[in-house]
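To keep things clear, I will list the structure first and then write my remarks on it.
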Amino acid sequence: VCGEIYESISHHLMNQTGRIEDIKKIFSHPQAIAQCRKWLRKKLPSVPIETVPSTALAAKWAAVDESVGAIASLVAAKLYHLQIVAKNIEDIKGNSTRFWIIGKTEVEPTGNDKTSLLFSVADRPGALFDVLKCFAVRKINLTKIESRPSKDEPWKYVFFLDCEGHIKDEKIQSCLEEMQNYCLQVIWLGSYPRGQR
1310 VCGEIYESIS HHLMNQTGRI EDIKKIFSHP QAIAQCRKWL RKKLPSVPIE
1360 TVPSTALAAK WAAVDESVGA IASLVAAKLY HLQIVAKNIE DIKGNSTRFW
1410 IIGKTEVEPT GNDKTSLLFS VADRPGALFD VLKCFAVRKI NLTKIESRPS
1460 KDEPWKYVFF LDCEGHIKDE KIQSCLEEMQ NYCLQVIWLG SYPRGQR
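If you want it as structure tokens, here you go:
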């Protein structure tokens, strides 16, 4: 990972006709559906909702099935020749999605950087605490931590973590070294300039 970009997200309801009454079911990505839940409950409470792998695929379905309404972007509406039924139906305005820039070049420190890591710990009390303590004692701010079940073993989790700082910072290097004592694996994904929201 050598960079990040935040892209504003707006969701729109679309179909072939542009008429809300023609929508008998709604397709979209689970995240888009979650971000439009209040609007959907208010405007289309009895219309069934089906999840699909992407908002683009939802638009593609709407293009071939007149009964389908899709929650997707204006680009998808244009690409699949769909009519907009309702614009900006997201519950919270100003949502954004973070995209990583992947490359082979290591980025030099800027003084306003993030480091992204992946790590796993044994299934024991205090395992995650031990890892997080490595950051706390060095006063390294965590900006994000998420867990995902491991595909390898039941009850094993993989953690994705973002923190302030760069891999070339001494305190980040010493933190990663100490993490080796508590983790089954530690993978540095990249250090890069913080993206602008």
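All the letters of the sequence shown, read from the start, carry residue numbers 1310 to 1506 under the working numbering.
For each residue, glycine too, the CB sits at the ideal point set by N, CA and C.
In whole angstroms, what separates the C-alpha of residue i from that of residue j?
| i | j | result |
| --- | --- | --- |
| F1444 | G1327 | 52 angstroms |
| W1497 | I1318 | 28 angstroms |
| R1556 | V1430 | With the chain running from 1310 to 1506 in the structure shown, residue 1556 is simply not present. |
| I1398 | K1333 | 18 angstroms |
| I1491 | C1484 | One detail in the question is off: residue 1491 reads as Tyr in this sequence, not Ile. Near 11 angstroms, if we compare the C-alpha coordinates of C1484 and Y1491. |
| V1507 | S1382 | This structure cannot speak to residue 1507, because the chain is shown only from 1310 to 1506. |
| I1476 | I1411 | 16 angstroms |
| D1400 | L1349 | 9 angstroms |
| W1370 | E1330 | 18 angstroms |
| E1417 | S1425 | 15 angstroms |
| E1375 | P1357 | 15 angstroms |
| E1462 | K1480 | 32 angstroms |
| W1438 | F1428 | Checking the sequence shown, residue 1438 turns out to be Phe, not Trp. Distance between the alpha carbons of F1438 and F1428 is about 13 angstroms. |
| E1316 | E1486 | 34 angstroms |
| G1499 | R1346 | 35 angstroms |
| G1312 | G1504 | 7 angstroms |
| K1396 | P1434 | 48 angstroms |
| W1464 | R1457 | 10 angstroms |
| S1337 | A1385 | 12 angstroms |
| R1402 | N1324 | For the record, residue 1402 in the displayed sequence is Lys; it is not Arg. Approximately 22 angstroms, taken between the alpha carbons. |
| K1460 | E1359 | 26 angstroms |
| C1472 | K1351 | 39 angstroms |
| Q1482 | E1415 | 15 angstroms |
| A1436 | D1478 | 25 angstroms |
| D1404 | K1387 | According to the sequence displayed, residue 1404 carries Asn and not Asp. Computed Cα separation, rounded: 22 angstroms. |
| K1413 | D1432 | 34 angstroms |
| P1292 | S1355 | Here the chain covers residues 1310 to 1506 and nothing more, so residue 1292 does not appear. |
How about residue i and residue j: are their beta carbons less than 8 angstroms apart?
| i | j | result |
| --- | --- | --- |
| W1409 | V1310 | yes |
| P1269 | T1406 | As shown, the chain starts at 1310 and ends at 1506. That puts residue 1269 outside it, with no answer to give. |
| A1372 | L1353 | no |
| L1509 | I1380 | Nothing can be reported for residue 1509, as the shown portion of the chain is limited to 1310 through 1506. |
| H1320 | A1341 | yes |
| I1449 | G1474 | yes |
| I1314 | G1378 | no |
Please decide whether residue i counts as near chain D, where near means a Cβ-Cβ distance under 8 angstroms.
| i | result |
| --- | --- |
| F1468 | The structure shown has no chain D; it contains just one protein chain. |
For the putative contact between residue i and residue j, defined by C-beta atoms under 8 angstroms, what is the C-beta separation to the nearest angstrom?
| i | j | result |
| --- | --- | --- |
| V1446 | M1488 | So it is not a contact: roughly 12 angstroms between Cβ atoms. |
Is residue i near the ligand ATP, judged by its Cβ being under 7 angstroms from some heavy atom?
| i | result |
| --- | --- |
| Y1491 | No copy of the ligand ATP appears in this structure; indeed no ligand is present at all. |
Beta strand (DSSP E) segments (min. 3 residues) lying fully within the segment 1409-1495: 1422-1430, 1451-1458 and 1466-1473
Using 8 angstroms as the threshold, is the segment 1357-1371 in touch with the segment 1411-1427, meaning 3 or more CB pairs across them? no
Would you check if there are 3 or more beta carbon pairs closer than 8 angstroms linking the segment 1461-1475 to the segment 1385-1401? Cβ pair count under 8 angstroms is below three, so no.
Starting from the N-terminal side, write out each stretch of the alpha helix (DSSP H) that is 4 residues or longer and does not extend beyond the segment 1355-1405. 1364-1373 and 1383-1388
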